[in-house]
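Read the structure below first, then the notes.
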Amino acid sequence: MTVRLHWFLPTGGDGRTLVDRHAYGSNIGRETRGLRTPDIEYLAQIAKAAEQLGFEAVLTPTGTWCEDAWLTTVALAQHTERLKFLVAFRPGLLSPTLAAQMAATYQRLTRGRLLLNVVTGGDSAEQRRFGDHLDHDRRYERTDEFLSVVRGVWQGEPYDFHGAHYEVHGGLTSLPPDPVPEIFFGGSSQAAGPVAARHADVYLTWGEPPAQVKEKIDWIRSLAEREGRTVRFGIRLHTISRDSSADAWSTANRLLDDLDSDTIAAAQAALGRSESVGQRRMLELHGGSRDQLEIYPNLWAGVGLVRGGAGTALVGSHAEVADRIEEYHSLGVEHFVLSGYPHLEEAYWFGEGVIPELSARGLLSPGTASRATGRPAPLLVARGR
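Just so we're aligned: the sequence shown equals residues 94 to 478 in the working numbering.
Shown next as structure tokens:
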């Protein structure tokens with residue numbers, strides 16, 4: 094099992110700051126310097142950099158404050174050649190048969206570069222903006238049915254389904270996707286686990302300390318075994334990697350300089366209303382305080398003071414960041430979905446610093462390593478014997 098690396102597309106905007114220009118007040122962002130709008134030219138720069146550096150795919154988020162992931166990524170596919178797109182979407186907001194058709198079309202248009210990140214949704218207020226009024230657990234019940242229909246329709250023959258949320262008669266994708274997109278899925282609640290076990294190809298967790306990540310892996314793995322399935326694992330983290338540890342921590346501390354107490358309090362109040370168990374676990378890592386944000390060696394919880402979702406970053410020298418990746422990998426984590434502020438520059442810091450470290454340790458495929466270093470993979474010549 095090699096390490097598989099992915100980057101992030103900031104379709105809600107980017108910059109040299111952690112301050113979210115949308116979510117916690119109308120004035121935030123007006124006086125904040127270094128903000129970048131997510132126009133196609135800037136996103137294409139990030140996508141091209143990710144491809145050149147050796148990342149396999151880029152994750153594109155979903156929600157009120159970002160551009161639509163399907164439309165954005167299919168446009169960016171025209172600016173790249175190999176890069177895959179991990180498209181996040183919420184299953185309750187469109188028909189499962191339509192989603193299956195969209196995925197099949199996407200695979201043909203991009204020649205097989207689609208991965209799917211299924212986001213059930215942990216915030217009822219956010220869901221209601223899109224006309225979804227189900228509660229937390231019922232949303233996971235619906236996701237279970239949704240993915241059953243999607244996989245059924247992808248078989249290429251008329252498919253019937255009768256459930257509490259969907260009733261499909263003769264559902265069909267006349268040209269099934271080739272290849273079938275891998276499904277990434279996350280969720281820390283008791284309602285989420287069985288859905289992951291039945292449907293996920295990759296279970297994705299946010300960046301908690303290794304012991305907590307191992308607990309999640311063991312939990313999902315045991316549920317999947319009962320279903321007769323094997324699930325792979327991924328982790329979502331930010332990164333701040335520099336030539337020296339001191340430089341990396343200096344950058345992390347500079348990001349904190351933008352965060353006054355009112356901004357942190359507003360963010361924590363908003364995030365605390367989320368129904369997401371994963372979000373609650375992120376908040377518990379720091380308790381809303383700037384003190385002791387290094388919650389594990391080189392694992393920093395500062396991002397989660399003002400940002401929802403993934404709230405931790407790997408901070409340190411390139412070798413130290415590689416150490417932590419290697420530690421998570423030893424637990425069974427295969428996919429690393431990474432990001433950093435700003436995303437263009439941090440992609441290069443990681444790609445030119447950490448990827449060669451991982452390659453030297455034999456953790457990457459030869460193709461990934463050669464793209465990152467700019468050197469061709471070694472040619473293996475068979476000797477006749």
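Glycine included, each C-beta is placed from N, C-alpha and C at the ideal position.
- In this structure, DSSP gives tyrosine 259 a state outside helix and strand, which the three-state scheme calls coil.
- If you draw a 10 Å sphere on the C-beta of alanine 339, you find fewer than 16 other C-beta atoms in it, and that means exposed.
- Under the three-state reduction of DSSP output, aspartate 336 falls in the coil class, being neither helix nor strand.
- Taking C-beta separations shorter than 6 Å and ignoring five residues to either side along the sequence, the partners of glycine 381 in its chain run Gln361, following chain order.
- The Cβ atoms of threonine 110 and leucine 136 lie no closer than 8 Å to each other.
- CA-CA distance, glutamate 234 to histidine 262, rounds to 20 Å.
- Annotation: lysine 141 to threonine 405 spans about 25 Å, alpha carbon to alpha carbon.
- For leucine 164, the closest C-alpha among the options Tyr199, Ile313, Leu191, Glu149 is that of Tyr199.
- When rounded, the separation of the alpha-carbon atoms in phenylalanine 277 and tryptophan 247 is 17 Å.
- Counting the other Cβ atoms within 10 Å of the Cβ of threonine 157 gives fewer than 16, which makes it exposed.
- By the Cβ test, the segment 252-266 is not in contact with the segment 392-408, since fewer than three Cβ pairs between them sit closer than 8 Å.
- In this chain, the alpha helix (DSSP H) harbouring valine 414 covers 411-424.
- Valine 112 and tyrosine 434 have their alpha carbons spaced roughly 10 Å apart.
- Around the C-beta of serine 432, 16 or more other C-beta atoms lie within 10 Å, and the residue is accordingly described as buried.
- According to the DSSP assignment, leucine 364 belongs to the alpha helix (DSSP H) that extends over 354-365.
- Here threonine 236 has Pro184, Val211, Thr213, Val288 as same chain residues with Cβ atoms under 7 Å from its own Cβ, once five neighbours each way along the sequence are excluded.
- In the structure shown, serine 315 falls within a helical segment according to DSSP collapsed to helix, strand and coil.
- Annotation: the continuous alpha helix (DSSP H) that includes tyrosine 233 extends over 229-246.
- For valine 96, the closest alpha carbon among the candidates Thr173, Val426, Asp353 is that of Val426.
- In the displayed model, tyrosine 135 falls within a helix according to three-state DSSP.
- The Cβ atoms of glycine 327 and valine 295 sit closer than 8 Å to each other.
- Burial is judged here by how many other beta carbons sit within 10 angstroms of a residue's own beta carbon; alanine 304 has fewer than 16 and is exposed.
- Looking only at Gly249, Ala403, Pro251, Glu149, the smallest Cα-Cα distance to glycine 444 is reached by Glu149.
- Annotation note: the segment 136-195 contains the following uninterrupted beta strand (DSSP E) runs of length 3 or greater, listed N- to C-terminal: 150-153, 177-182.
- DSSP places phenylalanine 443 in the helix class (H, G or I) of the three-state scheme.
- Counted as a single uninterrupted DSSP element, the stretch harbouring valine 370 is not any beta strand (DSSP E) but the alpha helix (DSSP H) occupying residues 370-377.
- Under DSSP, no beta-bridge partner is assigned to asparagine 391.
- With a contact defined as Cβ atoms closer than 8 Å, leucine 240 and histidine 292 qualify at about 4 Å.
- Distance between glutamate 413 and asparagine 391, taken at the CA atoms: about 7 Å.
- In the DSSP assignment, valine 288 falls within the unbroken alpha helix (DSSP H) covering 285-292.
- DSSP, read as helix, strand or coil, puts histidine 436 in helix.
- A direct Cα-to-Cα measurement between arginine 129 and glycine 108 gives close to 5 Å.
- Going by beta carbons, leucine 297 and glycine 286 fall outside the 8 Å limit.
- Taking glycine 106 as the centre and dropping the five residues before and after it, the same chain places the C-beta of Arg114, Leu128, Arg129, Thr130, Pro131 closer than 7 Å to its C-beta, in chain order.
- The C-beta separation of valine 180 from leucine 102 comes to about 10 Å, leaving the pair out of contact by the 8 Å criterion.
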